[in-house]
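Mapped onto this note's numbering, the consecutive letters of the sequence shown carry residue numbers 734 to 1289. Let me begin by presenting the structure, written as structure tokens, before commenting on it.
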Amino acid sequence: MLWYLFNDTEHINTVRKLIRRSWRKMIMYNNQLKQKKKDETISCTSSTSSKIPRGTSGWPLIGETLEFIASGYSSRPVTFMEKRKSLYGKVFRTHLLGKPIIASTDPDVNKAVLQNHGNVFVPSYPKSVTELLGKSSILQTNGPLQKRLHSLIGGYFRSPQFKSRIACEIEDSVKLSLSTWEQRKQPVLLQDETKQITFEVLVRVLMSVGPGEDMEFLKREFQEFIKGIICLPIKFPGTRFYKSLQAKKKLFKMVKNIVEERKLGMEKTGEKSSGSPIDVIHVLLTDMKESSDNPQQLPRLPSDITENIIEMMIAGEDSVPMVMTLAVKYLSDNPVALSRIMEENMTLKRQKAESCDGYAWTDYMSLQFTQNVITETLRMANIINAVWRKAQKDVEIKGFLIPKDWCIMTSFTSVHMDDENYENPYQFNPWRWEKTRGMVNNSITFTPFGGGQRLCPGLELARLEISIFLHHFVTKYRWEAEDDKIVTFPTVKMKRKLPITITPMVVAMRGTPALGRRFFGDSVVQMRSGHHKFMIPLISANGGYDWTLHRYMIFL
Ligand code: HEM
């Protein structure tokens, strides 16, 4: 019967139609369900039953700010949130930095806030940040212009052409920097050193400035500028904020000159959008040109993109080196994870040495365990521990009322460190990501890069930089990290910048097994190359016995 049905074209067509119709119905029903669920989670009219979440406003004026800051300096920064969560539930009311705040440790509420398209929630930053950033910065822009900027930058950073070019440049910066560490008499301050590497990469990515006087000027003025991002916004000569504004003026002048020169250059050559862009300035200027040739195209970028460029320096400057530093810190404290990451990276290094091929960006990203280490570091480190948004109108989420003009703080740290979401959340365990293959960047319970429309456009660049750094670092050096502590206020930092003492991992001599054993006793491993066996004595460059290499050997 079935055979008959499926051999008959008329019947086949009828069955096809039926399948298509029910498929369409299923999709429609599914969409309706999704929409209904969304509407239930977030609604812009407060129903009579919805209430401002429970909580307390603390002391007059200062609210609960002091306790909030104190927990940021403690070894367990989520204490502030955990204490209130146990008293009032996952969403509660507090008063921080002079504002009434709704704090959320609930992944569903966080998602609803992040997913909002700028018509209900807008970013809300302290006054010092908004003044130093400037009005046209993407972090303060909303609606179609933010979308446009976000997709231009994100699209550029995601392109394989960009990744392939930038991987070589990151590699050069990392190798050059690592090669200078050996000559140091003092321990290397990892937090500072990684900052040097990533700043140079960032300046290249944004405006194609290489090492030299201009780079040094940008480094100096940017460091002065960034110090005022979180401080009292008092514009009086001598104050921190005033000095930062002065530095911003100098920085602004230089970046503006670069942008103007590039604009002139493009006008002269009549450069079009064809060919792959060389940096972010190029991407934005090309878009500006295209939209002026085609005035109907909306929205248009601001006439001056200098602030966009400076602001991206802020977004990428501190976050990437901190993840690099913390990954090294966590690995130093977890020898098993360290051995595993070394093994994986040594294998790649050996393959590359044997084939005499250079590295492609995909080689770095294919290191599965290394990606797990990065993901786990992002979860535990919480470089951006929360985002702050302001409600443009009364909003109800999951039955909670967020009144107009109130801020909501979506805590990522609380979600990442909640044992409902992660087993033993305080344990550094890269293996927990094995099922997801380490490459997860965003899920309801994992939001180191934010989410929704403002999901960090630099996330792939960040991962690539960290992967390249880790590869060359763990295959070049052994190290010993000194005791240090993570502090999380005002931003995540190592208290002592993570001093490490490094020893280059230069091994080994080849010889016969007997010779090897006679000279080095057990300090040899047997290696196979084709049909030949070699005994390799494991000695580090300073002559000491290398226990790490005892397990994970490298071929010279
Ligand atoms: C590990 C490194 C990084 C982390 C953890 C990180 C995290 C974040 C987070 C959480 C947001 C969302 C902020 C919000 O919703 O208000 C964000 C936005 C942003 N990030 Fe990153 N970021 C990193 C690296 C970078 C890099 C390397 C760049 C660029 C060079 C970059 C550029 C941006 C920009 C431009 C935005 C604003 C997007 C918008 O508002 O539309 N980030 N980042």
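Just so it is clear, CB atoms sit at the ideal spot from N, CA and C, and this is done for glycine as well. Since we're looking at a predicted model, the values are computed, not measured.
Which same chain residues end up closer than 6 Å to residue i when comparing Cβ atoms and leaving out the 5 residues on each side of it in sequence?
| i | result |
| --- | --- |
| N843 | S837, T1143 |
| I834 | T827, C1140, M1142 |
| P840 | V1148, I1177, T1178 |
| N1157 | none |
| Y1159 | none |
| S804 | P810, T812, F813 |
| L1146 | In the sequence on display, residue 1146 carries Thr and not Leu. Excluding positions up to five away in sequence, the list reads V811, N1115, N1118. |
| K818 | T838 |
| R1251 | Residue placement at R1251 cannot be trusted, given a pLDDT of 41 that sits under 50; the coordinates are not used to answer. |
Would you please state the rounded distance, in angstroms, between the beta carbons of residue i and residue j? I believe it to be under 8 Å.
| i | j | result |
| --- | --- | --- |
| T863 | Q848 | In fact, because the Cβ distance is near 24 Å, the residues do not count as touching under 8 Å. |
| M1150 | I1042 | Their Cβ separation, rounded to whole angstroms, is 35 Å, which puts M1150 and I1042 out of contact at 8 Å. |
| A693 | F950 | In the structure as shown, the chain starts at 734 and stops at 1289, and residue 693 therefore has no counterpart that could be examined. |
| P1054 | E1109 | At roughly 18 Å, the Cβ-Cβ gap does not stay under 8 Å, so P1054 and E1109 are not in contact. |
| S857 | K1123 | 4 Å |
| L1231 | L922 | 7 Å |
| K996 | S977 | Contact flag wrong, Cβ pair sits at about 27 Å. |
Buried or exposed for residue i, going by 16 or more other Cβ atoms inside 10 Å?
| i | result |
| --- | --- |
| I1177 | exposed |
| T1103 | buried |
| V748 | The predicted position of V748 is uncertain, since its pLDDT is 47 and thus under 50; a value taken from the coordinates is nonetheless stated next. Exposed, by the Cβ-count rule. |
| A900 | buried |
| G1200 | The amino acid at residue 1200 is misidentified as Gly; the sequence shows Ser. By the 10 Å Cβ count, S1200 comes out buried. |
| H850 | exposed |
| F890 | buried |
| L1017 | buried |
| Y806 | exposed |
| P810 | buried |
| V1013 | buried |
| F969 | exposed |
| I871 | buried |
| A1241 | The predicted model places A1241 with a pLDDT of 47, which falls under 50 and marks its position as unreliable; any figure quoted below should be read in that light. With 16 or more other Cβ atoms within 10 Å, it is buried. |
| I967 | exposed |
| L794 | exposed |
| T1002 | exposed |
| P1010 | buried |
| R917 | exposed |
| K982 | exposed |
| M906 | The residue you asked about is not Met; residue 906 is Ser in the sequence shown. By the 10 Å Cβ count, S906 comes out buried. |
| E994 | exposed |
| L866 | buried |
| N852 | exposed |
| S1036 | exposed |
Tell me where the alpha helix (DSSP H) around residue i begins and ends.
| i | result |
| --- | --- |
| R937 | 923-940 |
| T1146 | 1145-1149 |
| R898 | 893-914 |
| W1094 | 1094-1098 |
| K983 | 973-1002 |
| R953 | 946-959 |
| I1107 | 1101-1114 |
| N843 | 840-848 |
Assuming residue i is part of the beta strand (DSSP E), what are its boundary residues?
| i | result |
| --- | --- |
| E1129 | 1128-1130 |
| T1236 | 1232-1237 |
| I1135 | 1133-1135 |
| F854 | 854-856 |
| R1122 | 1119-1124 |
Between which residues of its own chain and residue i is the CB-CB distance below 8 Å, once the five residues before and five after are set aside?
| i | result |
| --- | --- |
| T1039 | F985, V988, K989, V992 |
| I1107 | V1056, A1060, G1171, R1196, I1199, S1200, L1203 |
| K1228 | D1217, K1218, I1219, V1220 |
| L965 | S861, T972, R973, F974 |
| V1225 | M1055, L1059, A1114, N1115, I1116, N1118, I1219 |
| F1133 | S783, K784, I785, P786, V824, I835, V842 |
| Y1063 | A1070, V1106, E1109, T1110, M1113, F1161 |
| T855 | Correcting the residue identity first, residue 855 is Val in this sequence and not Thr. For V855, where only same-chain residues beyond five positions count, the Cβ hits under 8 Å are N875, R1122, K1123, Q1125. |
| D1096 | L1081, K1085 |
| T913 | none |
Should residue i be counted as a contact of the ligand FAD given a C-beta to heavy atom distance under 7 Å?
| i | result |
| --- | --- |
| R1187 | Annotation note on the ligand FAD: not contained in the displayed structure, which lists the ligand HEM as its ligands. |
Could you name the residues of the same chain whose beta carbon sits closer than 7 Å to that of residue i, not counting the 5 residues immediately before and after it, in chain order?
| i | result |
| --- | --- |
| E800 | F813 |
| P1190 | H883, I886, G887, F890 |
| W1094 | K896, S897, A900, L1197 |
| K721 | Any property of residue 721 remains undetermined from this structure, which presents the chain solely from 734 to 1289. |
| N1174 | F1182, L1192 |
| L935 | M1046, G1049, E1050 |
| E946 | none |
In chain order, each alpha helix (DSSP H) run of at least 4 residues that lies wholly inside the stretch 799-837: Entirely contained in the stretch 799-837, the alpha helix (DSSP H) runs reaching 4 residues are, in chain order, 812-821.
In chain order, what are the residue ranges of uninterrupted alpha helix (DSSP H) at least 4 long that sit wholly in the stretch 1186-1228? 1192-1209
Give, in chain order, every unbroken run of the alpha helix (DSSP H) that is at least 4 residues long and sits entirely within the stretch 1010-1082. 1013-1026, 1039-1050, 1052-1066
Any chance you could list the alpha helix (DSSP H) runs of at least 4 consecutive residues sitting entirely within the stretch 856-883, in chain order? 860-866
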